[in-house]
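To start, the structure under review is shown below, and the notes come after it.
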Amino acid sequence: MTDEAPVPVHPAGVPADLVDLSYEPLTPTAFLDRAAAAHGDRVAVVDGDLRFTYTEFRDRCRRLAGSLGALHDGRPVAVLVPNTHVGLEAAHAVPWSGTALVAVNTRLSAGEVAYILEHSHASVLVADPVFDDLVAEVVARLDTPPHTVRVGPDYERLVEEGESTAVRPADERGLLSINYTSGTTGNPKGVMYHHRGAYLQALAMVGHTGLTASSVHLWTLPMFHCNGWCFPWAVTAAAATHVCLPRVEPTRIWELVREQGVTHLNGAPTVLSMIAYAPEAGPVGTPVAVATGGAPPSPAILRRMAELGFEVTHLYGLTETFGPAMICDWRPEWNELDADARARMKARQGVGNMIACAVRVIDDDGADVPADGETTGQIALRGNNVMLGYLDDEQATRDAAPDGWFRTGDIGVMHPDGYVELRDRSKDVIISGGENIASVEVEQAIADHPAVLEVAVIAVPDERWGEVPAAWVTLREGESATEDEIVEHVRGRLARFKAPKRVTFAELPKTSTGKIQKFVLREEAWAGEERRIR
Numbered sequence: 038m039t040d041e042a043p044v045p046v047h048p049a050g051v052p053a054d055l056v057d058l059s060y061e062p063l064t065p066t067a068f069l070d071r072a073a074a075a076h077g078d079r080v081a082v083v084d085g086d087l088r089f090t091y092t093e094f095r096d097r098c099r100r101l102a103g104s105l106g107a108l109h110d111g112r113p114v115a116v117l118v119p120n121t122h123v124g125l126e127a128a129h130a131v132p133w134s135g136t137a138l139v140a141v142n143t144r145l146s147a148g149e150v151a152y153i154l155e156h157s158h159a160s161v162l163v164a165d166p167v168f169d170d171l172v173a174e175v176v177a178r179l180d181t182p183p184h185t186v187r188v189g190p191d192y193e194r195l196v197e198e199g200e201s202t203a204v205r206p207a208d209e210r211g212l213l214s215i216n217y218t219s220g221t222t223g224n225p226k227g228v229m230y231h232h233r234g235a236y237l238q239a240l241a242m243v244g245h246t247g248l249t250a251s252s253v254h255l256w257t258l259p260m261f262h263c264n265g266w267c268f269p270w271a272v273t274a275a276a277a278t279h280v281c282l283p284r285v286e287p288t289r290i291w292e293l294v295r296e297q298g299v300t301h302l303n304g305a306p307t308v309l310s311m312i313a314y315a316p317e318a319g320p321v322g323t324p325v326a327v328a329t330g331g332a333p334p335s336p337a338i339l340r341r342m343a344e345l346g347f348e349v350t351h352l353y354g355l356t357e358t359f360g361p362a363m364i365c366d367w368r369p370e371w372n373e374l375d376a377d378a379r380a381r382m383k384a385r386q387g388v389g390n391m392i393a394c395a396v397r398v399i400d401d402d403g404a405d406v407p408a409d410g411e412t413t414g415q416i417a418l419r420g421n422n423v424m425l426g427y428l429d430d431e432q433a434t435r436d437a438a439p440d441g442w443f444r445t446g447d448i449g450v451m452h453p454d455g456y457v458e459l460r461d462r463s464k465d466v467i468i469s470g471g472e473n474i475a476s477v478e479v480e481q482a483i484a485d486h487p488a489v490l491e492v493a494v495i496a497v498p499d500e501r502w503g504e505v506p507a508a509w510v511t512l513r514e515g516e517s518a519t520e521d522e523i524v525e526h527v528r529g530r531l532a533r534f535k536a537p538k539r540v541t542f543a544e545l546p547k548t549s550t551g552k553i554q555k556f557v558l559r560e561e562a563w564a565g566e567e568r569r570i571r
C-alpha cells in the first residue's frame with residue numbers, strides 16, 4: 038500500500054498524460070505527406086507535357102506554401118485557374134501556408150469575381166493567363182485589389198524560391214476553404230469548409246469510388262466546384278494519378294481515356310452525355326468508374342454509359358456538404374434486375390455516405406415523412422461533411438439549419454429500403470390546375486426519346502391552368518424530332534396532363550459545372566408576368 042495519489046486514468050484506460058499521443062488534428066493535406074513517403078517515385082500529376090512524381094508534387098506545394106505565407110497576411114488566397122496542376126497545388130499549398138483557399142468559378146463575370154474577392158477578404162489572387170482580361174477588369178472594380186500572381190514565370194518563381202512550409206491546423210474544425218454558391222437568387226454565399234470535413238469526405242470518396250494506387254483520375258469535374266468534391270485530396274490519399282483537363286472537350290477526353298488508361302472520372306449528367314455521344318465513343322477495354330451528380334441522370338444515359346463500359350454511380354450533394362452527401366450504394370442483388378430496372382435504381386440518390394452523413398426526408402414541421410416511396414418532403418442532412426456555416430451571414434446559417442438539420446431545398450421521397458429519391462427542387466415543382474408535376478419525372482421521360490441529348494422542363498404561365506410544363510430540348514447530332522413527337526412520347530409514358538405544352542429545340546444554358554440553369558429559362562418565360570416562379 039502507498040499514500041501516493043493514483044495516476045489519473047483516461048476513461049479508455051490510458052493514463053491522462055499520454056492521451057495526447059492519440060490525437061492529431063485531421064487535415065486533408067496530410068494525405069500528400071503520406072503519398073510522398075510511400076509512393077514518392079510514382080507519377081502524381083499529368084498536365085499536358087508536365088509530369089510530377091509525388092515527391093516533386095509535395096516539394097512544389099511546400100515551397101509554394103512558404104511563398105504564399107509571406108504574402109497573404111493571414112487572409113484567404115483566391116485561385117482562378119482551369120483544371121491544371123496549379124489548382125491541385127493550391128488545394129495543398131494554401132492550407133499549408135496557414136490560410137483559407139477560395140477556388141473561384143472560372144465562368145463568372147468580372148462583377149461576380151470582384152464580389153467574391155471582396156466578400157472573402159482575399160489578399161492574394163493566383164490567376165491563369167487565359168483570364169488576364171477578366172482579372173484586369175476585376176482589379177479595376179476593387180478599391181483594394183489582392184496581390185495578383187500570374188501563372189507562368191511569376192508563379193514558378195514562388196515555387197522555386199519559397200521556404201518549405203507546412204502549417205498544421207490547431208483545430209481540425211478550423212477554416213480550410215470558402216466555397217461560393219451559384220447565387221441564383223442574389224449574391225452568392227460563402228460556404229465555410231473545415232479540415233475535418235474535407236479529410237473525411239476525401240476518405241469517403243476513396244472508398245465509394247474504389248480509388249487505389251493503380252487508379253488514373255481524369256479531371257472532368259471543375260476543381261473549383263466544392264473543391265472538386267474533395268477529389269484533389271482523395272486521389273492523393275490513394276496515391277493515384279491526377280490527369281488534368283483544362284477544358285471539357287469530348288475528343289480530348291476520349292484521347293486521354295485511351296492514352297493514359299483512365300480508370301475514374303466525375304461529372305454532371307451533361308458531361309456524361311458529351312462523352313457517351315461523341316464521334317470517338319466506343320467500348321473501353323477496362324471499366325471506367327464514373328461518379329455523377331448535379332442532377333438526376335436519366336435511365337437513358339445510364340444505359341448508354343453501361344454499354345460503353347462506364348460504371349456510373351449517382352451521387353447527391355450541395356456546396357454546403359463538401360459535394361457528395363449521399364450515394365446510390367449499389368446492392369449486388371440488383372444485378373439480377375433487367376436493364377431498365379437497374380437504370381431506375383441507379384438514378385436514385387441513395388443513402389448517406391460512409392462518413393456518417395445522416396439523411397432524412399421531412400415535412401414542414403420537421404417530422405419524418407413515411408418511408409413509402411410516395412410521400413414527398415424536403416431532404417435534410419447532418420454529419421461530418423456539413424459546412425461550418427455561411428461566411429459573415431449568421432442569419433442565413435440559422436435559417437439553413439434551424440434545428441441542427443441542414444435543409445437542402447430539394448424535394449424527395451424515402452423508399453422502404455432506406456434509399457432517397459429526388460423528385461424535384463422545391464422551386465421546380467409545377468402546380469398545374471391544382472396538380473403537382475415533378476419536372477424531373479417529365480425530363481426523364483423526354484430524355485428516353487432516342488433523338489434527345491438533354492432536356493430541361495420548367496413551369497410556364499398559362500391562362501387556364503395558371504402554369505403548365507414546357508420543355509427545352511437539345512437533340513443529338515444528326516437526329517431530328519418534332520414538338521408533336523416529343524409530346525406524344527411523354528404521353529405514352531406519363532399521365533397526359535404531365536406532358537409539356539410547349540417544346541423548344543435549343544442549346545441549354547449551363548453553369549461552369551455543366552448544371553442546367555433553369556432560372557435563365559424561367560426569367561425568359563415569365564418576363565412581364567405578375568407572378569414569377571422563384
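Numbered by this note's numbering, the letters in the sequence shown go through residues 38 to 571 in order. Beta carbons are placed, not taken as given, at the ideal position from N, Cα and C, and that holds for glycine.
Host alpha helix (DSSP H) of isoleucine 290 (start-end): 287-296
C-beta atoms of alanine 235 and alanine 72 nearer than 9 Å: no
Helix, strand or coil at aspartate 84 [DSSP, three-state]: strand
Aspartate 165 burial status per 10 Å Cβ neighbour count (16 or more: buried): So aspartate 165 counts as buried.
8 Å Cβ shell around valine 253 - same chain, five flanking residues per side excluded: When the five nearest sequence neighbours on each side are left out, the beta carbons in the same chain lying within less than 8 Å of the beta carbon of valine 253 are those of Ala277, Thr278, Val280, Gln297, Gly298, Val299, Thr300, His301, in order along the chain.
Cutoff 6 Å; reference leucine 258; Cβ partners in own chain excluding five residues on either side: The residues are Gly265, Asn303, Gly304.
Which listed residue (Asp84, Asp96, Pro65) has its alpha carbon closest to that of aspartate 78: Asp96
The segment 434-452 in contact with the segment 403-411 per 3-pair CB rule at 8 Å: yes
Reduced DSSP category for glutamine 432 - H, G, I as helix; E, B as strand; rest coil: helix
Cut-off 8 Å between Cβ atoms - residues of its own chain near arginine 144, not counting five sequence neighbours on either side: Taking C-beta separations shorter than 8 Å and ignoring five residues to either side along the sequence, the partners of arginine 144 in its chain run Thr548, Ser549, following chain order.
The segment 424-432 contacting the segment 388-404, beta-carbon criterion three pairs below 8 Å: no
Continuous beta strand (DSSP E) stretch holding arginine 284: start and end: Run containing arginine 284: none; DSSP gives neither H nor E here.
Endpoints, alpha helix (DSSP H) assigned at tyrosine 91: 91-106
Pairwise C-alpha distance: alanine 159 and proline 113: Their backbone Cα atoms lie some 5 Å apart in a straight line.
Separation of glycine 420 from proline 65, as counted between CA atoms: 17 Å
Helix, strand or coil at proline 132 according to DSSP, with G and I counted as helix: helix
For valine 477 and isoleucine 553, the rounded distance between their alpha carbons: 12 Å
Alanine 177 classed as buried or exposed, judged by whether at least 16 other C-beta atoms fall within 10 angstroms: exposed
Spatial distance of glutamate 93 from glutamate 504 (CA atoms): 59 Å
Whole-number beta carbon distance between cysteine 267 and methionine 242, since they are thought to touch under 8 Å: 6 Å
Backbone secondary structure at isoleucine 448 - three-state DSSP: strand
Span separating the alpha-carbon of valine 186 from that of arginine 194: 10 Å
Element boundaries [alpha helix (DSSP H), containing tryptophan 266]: 263-266
Spatially closest choice to isoleucine 312 from Gly551, Leu63, Val557, Leu69, by CA coordinates: Ranking the options by Cα distance to isoleucine 312, first place goes to Gly551.
Alpha-carbon to alpha-carbon, serine 214 and serine 146: 21 Å
Pair within 9 Å by beta-carbon distance, valine 188 and threonine 121: yes
Endpoints, the alpha helix (DSSP H) within which alanine 482 is located: 476-484
Neighbourhood of valine 172 by C-beta, 6 Å cutoff - its chain only, sequence neighbours within 5 removed: Ala164
Enclosing beta strand (DSSP E) for tyrosine 353 [first to last residue]: 347-355
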